[in-house]
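Residue numbers (our numbering): 328 to 593. Even glycine gets a Cβ: it sits at the ideal position worked out from N, Cα and C. Working notes for the structure below.
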Amino acid sequence: EALRAAREAAAAQVAPGVLPPGSLRTGAVAVKCGMTAEWDAHGARVPLTVLWLDRCQVVQAKTAEREGYTALQVGAGAKRAKRARRAQAGHCHAAGVGVKRHLAEFRVTPDALLPPGTPIPASHFVPGQLVDVAGRTIGKGFQGVMKRHGFKGGQASHGASKSHRIHGSTGACQDPGKVWKGKKMAGHMGNARRTVHSVQVYKVDPGRGLLWLRGAVPGHKGAFVEVRDAVRPRRQFSQPDRPFPTAAPAPDGDAGPRVAPAGPNP
328 EALRAAREAA AAQVAPGVLP PGSLRTGAVA VKCGMTAEWD AHGARVPLTV LWLDRCQVVQ
388 AKTAEREGYT ALQVGAGAKR AKRARRAQAG HCHAAGVGVK RHLAEFRVTP DALLPPGTPI
448 PASHFVPGQL VDVAGRTIGK GFQGVMKRHG FKGGQASHGA SKSHRIHGST GACQDPGKVW
508 KGKKMAGHMG NARRTVHSVQ VYKVDPGRGL LWLRGAVPGH KGAFVEVRDA VRPRRQFSQP
568 DRPFPTAAPA PDGDAGPRVA PAGPNP
């Protein structure tokens, strides 16, 4: 009951407006549910990635007076306190929120700071806008040069014996007498942090906390990704009006999903 009262009080303090020029608002932490596809008004098939904002809330507000910069720490998901480290459980308890499965930090301007406990709903993003999505790619383990770097490979016949997929020579002669750093060779592939820029929000369902994005984003099913406003939108594209500093939580009788206007992918 105490946590619920704290969340309601924090949400009541949010008065959504329109994002002013020069301001930077927070992002959100979402769970990648998988991919699907829909057909738009022109009959074109649109590949979509579905993201779920699972109890996304502000956990900590960092200010210039205390930390030296302004940012918001946002958490998503939930797990039992006994499954979390004592420091993490105490950190979330001090903010008046449940223990989160994933935490991420987003730099914001001072006018976009939010109190701890404020929910970040799916309506924080608007259909048609562009976002940047960051996450960890799917790990592929130790892979050869043909899969990792797209090498052509060796001869299939004509003297090739057990050397069809090898990388070939890796260095020169006695001078320089070494293999240069950064040489494309076999090694670990995937499981690296990557960011996909300027992904369009196709549809938003505030009632269920779902986002549909055009195309693919990093990570496997069930992975956490960070979604923020695009820092470098594409040319001749203007972002639509977005709620600032965030949107109000969706009411119980929400009308349902909102789809971006029909048009080409920006």
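Please report the distance separating the alpha-carbon of residue i from that of residue j.
| i | j | result |
| --- | --- | --- |
| Gln-415 | Pro-572 | 26 Å |
| Thr-397 | Pro-570 | 19 Å |
| Val-373 | Gln-482 | 40 Å |
| Arg-412 | Gly-536 | 28 Å |
| Arg-382 | Asp-556 | 20 Å |
| Thr-390 | Pro-443 | 13 Å |
| Gln-501 | Lys-489 | 27 Å |
| Val-523 | Gly-486 | 44 Å |
| His-515 | Gln-563 | 39 Å |
| Met-512 | Gly-504 | 17 Å |
| Leu-375 | Leu-538 | 9 Å |
| Thr-445 | Leu-346 | 18 Å |
| Gln-527 | Gly-455 | 6 Å |
| Leu-540 | Val-377 | 7 Å |
| Pro-533 | Ala-357 | 13 Å |
| Ala-355 | Leu-457 | 14 Å |
| Ser-450 | Pro-343 | 11 Å |
| Ala-431 | Lys-474 | 32 Å |
| Val-558 | Gly-370 | 31 Å |
| His-491 | Tyr-529 | 44 Å |
| Arg-585 | Glu-394 | 38 Å |
| Gly-542 | Ala-574 | 25 Å |
| Met-362 | Val-506 | 41 Å |
| Ala-519 | Phe-469 | 13 Å |
Check for me: the beta strand (DSSP E) holding residue i runs from which residue to which?
| i | result |
| --- | --- |
| Val-373 | 372-379 |
| Gln-387 | 384-389 |
| His-418 | No beta strand (DSSP E) holds His-418; the alpha helix (DSSP H) holding it covers 413-422. |
| Lys-359 | 355-366 |
| Val-506 | Looking at the DSSP string, Val-506 is not in any beta strand (DSSP E), and its letter there is neither H nor E. |
| Val-460 | 457-463 |
| Phe-433 | 429-434 |
| Phe-551 | 551-556 |
| Asp-568 | No beta strand (DSSP E) holds Asp-568; DSSP gives it neither H nor E. |
Round the Cβ separation of residue i and residue j to the nearest angstrom and send it over; I've been treating them as touching at under 8 Å.
| i | j | result |
| --- | --- | --- |
| Pro-567 | Val-453 | 5 Å |
When burial is assigned at 16 or more other CB atoms within 10 Å of the CB, is residue i buried or exposed?
| i | result |
| --- | --- |
| His-418 | buried |
| Ala-368 | exposed |
| Glu-553 | buried |
| Val-385 | buried |
| Val-531 | buried |
| Lys-359 | buried |
| Ala-421 | exposed |
| Trp-366 | exposed |
| Pro-448 | buried |
| Pro-578 | exposed |
| Phe-551 | buried |
| Ala-439 | buried |
Give the range of the alpha helix (DSSP H) segment to which residue i is assigned.
| i | result |
| --- | --- |
| Met-516 | Not the alpha helix (DSSP H): Met-516 falls in the beta strand (DSSP E), residues 514-516. |
| Arg-475 | 472-475 |
Quick one: does the C-beta of residue i sit closer than 6 Å to a heavy atom of the ligand GTP?
| i | result |
| --- | --- |
| Arg-492 | Only the bare structure without any ligand can be found here, which leaves the ligand GTP out of the picture. |
### Task
Would you check if the region 428-437 and the region 345-356 touch, i.e. whether three or more CB-CB distances between them fall below 8 Å?
Touching, yes.
### Query
How do the region 397-414 and the region 424-431 stand: do at least 3 beta-carbon pairs fall below 8 Å, yes or no?
As far as the Cβ criterion goes, the region 397-414 touches the region 424-431, which means the pair count is three or higher.
### Cβ contact (3+ pairs, closer than 8 Å) linking the region 541-557 and the region 461-473
Segment contact: the region 541-557 against the region 461-473, three or more CB-CB distances shorter than 8 Å; contact assigned.
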